[in-house]
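Colleague:
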Amino acid sequence: MNGASHNLVEVRDLTVGYGERRVLEGINFEVRRGEVFAILGVSGSGKSTLLKHLIGLYQPMHGDVLISGASIVRAEGDERLRILRKFGVLYQGGALFGSLTTVENVRLPLDEFTDLSEVAKDLIALSKLRLVGLESAATKLPADLSGGMQKRAGIARAIVMDPCILFLDEPSAGLDPITSAALDALIRELARGLGITFVMVTHELASIYSVADRVVVLDPRTRGIAAEGAPSWLRENASQPWVRQFLKREAA
Amino acid sequence: MAVKPPVELPVRWALSVRPDGAGKLAFAGELDAESTPVAWRILESELARIKVATFEVDVRQLVCDSAGLALLYYLSVGRMTPGASVSLTGLSPELQHLLRSFSTEDFQALQEHEPTCSPFVEDVGAATRSWLCDLRQQVEFIGEVTLGVLRSAFRPRRMRWKEVLRVFEVAGVNALPVVSLLTFLVGMVIAFESAQPLAQLGAQVFVANLLGLVMSRELGPVMAAIMLAGRSGSAFAAELGTMKVNEELNALQTMGLSPVQFLVVQRVVAGILLTPVLTIFAMYAGLLGGIPVLLGLGFPLRMVLHQVQSGLHFGDLAEGISKSIVFGAIVASVSCLRGLQTGEGPRAVGESTTRSVVTSILLIILADAIIASVTYTLRK
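Chains as they are written, first to last, in our numbering: chain A, 1 to 252; chain B, 1001 to 1380.
1. Which residues in the same chain have their Cβ closer than 6 Å to the Cβ of residue 1282/B, if we skip the five residues on either side of it in sequence?
2. To which residues of the same chain is residue 1139/B closer than 6 Å at the C-beta, ignoring the five residues directly before and after it?
3. Could you give the first and the last residue of the continuous alpha helix (DSSP H) run that contains residue 1311/B?
4. Quick check on DSSP: helix, strand or coil for residue 1064/B?
5. Going along the chain, which residues of its own chain have a beta-carbon closer than 6 Å to the beta-carbon of residue 37/A, five neighbours each way excluded?
6. What are the uninterrupted segments assigned as beta strand (DSSP E) that are 3 or more residues long and contained completely in the segment 33-87 of chain A, given in chain order?
7. Since residue 1274/B and residue 1328/B should fall inside the 8 Å C-beta cutoff, what is the C-beta to C-beta distance between them, to a whole number of angstroms?
8. Answer with buried or exposed for residue 1353/B, where buried requires no fewer than 16 other C-beta atoms within 10 angstroms of its C-beta.
9. Taking 8 Å as the cut-off, does the segment 1009-1021 of chain B touch the segment 1034-1053 of chain B (at least 3 CB pairs, one atom from each stretch)?
10. Extract the residue ranges of the alpha helix (DSSP H) inside the segment 85-125 of chain A, only unbroken runs of 4 or more that lie entirely within it.
11. In three-state terms, what does DSSP make of residue 1165/B?
12. Using only alpha-carbon positions, find the residue among 226/A, 191/A, 192/A, 235/A that is nearest to residue 209/A.
13. Using a cut-off of 7 Å between C-beta atoms, extract the partners of residue 115/A located in chain B.
14. Could you tell me which chain A residues have their CB closer than 7 Å to the CB of residue 1040/B, listed as they occur along the chain?
15. Does residue 1313/B get closer than 9 Å to chain A when you measure Cβ to Cβ?
16. Nearest chain B C-beta to residue 4/A closer than 9 Å, yes or no?
17. Determine whether the Cβ of residue 1034/B lies closer than 9 Å to any Cβ atom of chain A.
18. 9 Å is my cut-off, CB to CB: does residue 139/A come that close to chain B?
19. Which residues in the same chain have their Cβ closer than 8 Å to the Cβ of residue 90/A, if we skip the five residues on either side of it in sequence?
20. CA-CA distance, residue 223/A and residue 1012/B?
21. Of the residues 60/A, 97/A, 249/A, which one's Cα is nearest the Cα of residue 1346/B?
22. If we define contact as Cβ-Cβ less than 9 Å, is residue 1284/B a contact residue for chain A?
23. Residue 1163/B touches chain A at which residues, Cβ-Cβ below 7 Å?
24. With three or more beta-carbon pairs closer than 8 Å as the criterion, would you say the segment 13-32 of chain A touches the segment 55-67 of chain A?
25. Taking residue 1298/B as the reference, give the member of 1208/B, 1174/B, 1264/B with the closest Cα.
26. Find the residues of chain A that neighbour residue 1074/B, judging by a C-beta separation of less than 9 Å, and give them in chain order.
27. Please look up how many angstroms separate the CB atoms of residue 216/A and residue 29/A, rounded, as I've assumed it's under 8 Å.
28. Hey, residue 1215/B and residue 1175/B: beta-carbon distance below 9 Å or not?
29. Count the other CB atoms, across all protein chains shown, that sit within 10 Å of the CB of residue 53/A; report buried if there are 16 or more and exposed otherwise.
30. Can you pull the chain A neighbours of residue 1192/B, defined as C-beta to C-beta under 9 Å?
31. Which partner residues does residue 31/A have in the DSSP bridge list?
32. Where does residue 1030/B sit, in a helix, a strand or coil, going by DSSP?
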């Protein structure tokens, strides 16, 4: 297996910011196929900004982001669409369309991008909903779902086109510990069962140890990466004391 | 009996039926979101032509994604081969796991759930009820706002004058250019259009009188109010609507502050104060718009001004200004009411903005008609 196909996401010398202000500088890391990768950092360290660059919503000031070998920064038109089809995104609030029912939300990409029959689209959408445990809420509107259910419906919509990568923006934000743990279990199950690679941004340390294979910790002072590695290893062996502290404090 | 699918498909299959009614379908290749719809259609028509008692689907050499799985599931529950017992062979454990997420019950539940059309009588009842509720809310609101304004009038220190000033600037001062331009052009058009018919009567000079009357009594206040509704009323509704969506209104209520007292009264007071100013500007701009036309028709400026002066009375101006005060109160309070009535969901703010503009303009014209007929009767 060559390097390009081994690393599903590659970030090369990425510098991002707003206007003149630089938020992150010279970021480099890779996400390997099949792993659950987490981007950690304190509030305001640029986690969400970084994620928005990874999924091509913002243009970086400098550097490149490769999604399974193809640059999402430079791609345009059909090529960009092809890259976009390789991943799904779960936004912080689920970002379900409020005027559509849950099953219609999940079906939307199928309606837009495939010629499948109505029966096939319903079957696929319902199977994704069953995978996330929402089969009984198929005909409800997003407003009638709880926060955790909205996120699960968001995941179902994100995986309906069988992407190989799933980006999650603060999956446990605003959820109670039990719902959050259930969501972690779902992430693990999907990673194992469907072989999806996960890239998540989070500050929820409680779930990191049970979910993530590898993490990077962003440093707001140097605007770079403070540490990279398996979370439980970093907790004891990170070179910077504040990273060890940061990882320990909330793990307890 | 073997059927060959079109060559360009990444998936191939061999369909065979033995004389004892045992059918077999062997797939090879890839069933993805692009090939599945085609394969689905072809297979459906092929299988409709044959009759089998048992049916074996061999997927050992098949790679498939969710779309392909949907087809396999559809085959496996016998939808394409009614009456036959279907078996899938060679399915990998991962795909088997995924196939279990498909369910006929879910599908049936979805089909049965198709939204039902409510009967006509029920619709009429619901509409009437919501209309009456809205009316009741409006009456309550008028009372609450009046009380709030009076309370502020008696205790002006409690009023947030800074906010009044801000609204006055944003909704009033900043609207002056556009209101002036609009009425200037309207004045010009009216002068043009009325010059011809009046010329036939030899009364062209009365264009100036007409313009003065129409601008001060009717168009000045109405145009200013309509601009206010479109420009600032919608902004009030969107502002309050967003606050409602963001739970800021709930925060006010739990702090013991009334949203009406805290947010609406300032806007209504500012609206009442700023509309007369806008209206005076509108009146003058309208007259100014007519002057170039009259000069073009050959009347000297002095004569035009004299005509306007002799045709206009204090009562006309007073009527226009008092109308504008009523309009200002209507626009500001209706817009705020619509903002406070904002429901849930992403479309709610847009809806209340639209409703604020529609209701404001409707009530402006209604109030104008009432005031015009009352003053007409009084003048007689």
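Built from N, CA and C at the ideal position, the CB exists for glycine as well.
Modeller: With the structure as the only source:
1. Answer for residue 1282/B: 1179, 1183, 1220, 1223, 1224, listed in chain order.
2. Short of 6 Å from the beta carbon of residue 1139/B, and not among the five residues preceding or following it, lies no beta carbon of its own chain.
3. Going by DSSP, residue 1311/B is part of the alpha helix (DSSP H) stretching over 1301-1311.
4. Judged by DSSP in its simplified three-state form, residue 1064/B adopts strand.
5. Hits under 6 Å: 31, 199, 214.
6. If you keep only unbroken beta strand (DSSP E) runs of at least 3 residues inside the segment 33-87 of chain A, you get 36-40, 62-67.
7. About 7 Å separates the beta carbon of residue 1274/B from that of residue 1328/B, a gap short enough to meet the 8 Å contact definition.
8. When all chains shown are included, residue 1353/B counts as buried.
9. Using a C-beta cut-off of 8 Å, the segment 1034-1053 of chain B makes contact with the segment 1009-1021 of chain B, since at least three inter-stretch Cβ pairs fall below that distance.
10. With a minimum length of 4 residues, the continuous alpha helix (DSSP H) runs that stay inside the segment 85-125 of chain A are 102-113.
11. Looking at residue 1165/B - three-state DSSP - the assignment turns out to be helix.
12. Of the candidates 226/A, 191/A, 192/A, 235/A, the one whose C-alpha sits nearest the C-alpha of residue 209/A is 235/A.
13. Correct list: 1037.
14. Chain-ordered, the chain A residues with CB closer than 7 Å to the CB of residue 1040/B read 117, 120.
15. Closer than 9 Å: no.
16. Reliability fails at residue 4/A, whose pLDDT of 46 lies under 50, so the model's placement of it is uncertain and the value that follows must be treated cautiously. No, residue 4/A lies away from the interface with chain B (no Cβ there is under 9 Å from its Cβ).
17. True, the Cβ-Cβ gap to chain A drops below 9 Å.
18. Proximity of residue 139/A to chain B, defined by a Cβ-Cβ separation below 9 Å, is satisfied.
19. Here the set comprises 151, 154, 155, 158, 166, 167, 168, 169, 171.
20. Put simply, the backbone Cα of residue 223/A is about 53 Å away from that of residue 1012/B.
21. Checking every option, the nearest Cα to that of residue 1346/B belongs to 97/A.
22. Residue 1284/B does not count as touching chain A.
23. By Cβ distance, chain A contributes nothing, its closest Cβ being about 31 Å from residue 1163/B, past 7 Å.
24. Because the criterion of three Cβ pairs below 8 Å is met, the segment 13-32 of chain A and the segment 55-67 of chain A touch.
25. Of the candidates 1208/B, 1174/B, 1264/B, the residue whose Cα lies closest to the Cα of residue 1298/B is 1208/B.
26. The answer, in chain order, is 119, 120, 123.
27. That pair is a contact at about 5 Å.
28. No, Cβ-Cβ distance for residue 1215/B and residue 1175/B is not below 9 Å.
29. Per the 10 Å Cβ criterion, buried.
30. For a Cβ distance threshold of 9 Å, nothing in chain A lies close to residue 1192/B: the least Cβ distance comes to about 47 Å.
31. Beta-bridge pairing links residue 31/A to 9/A.
32. Under the three-state reduction of DSSP, residue 1030/B is assigned to strand.
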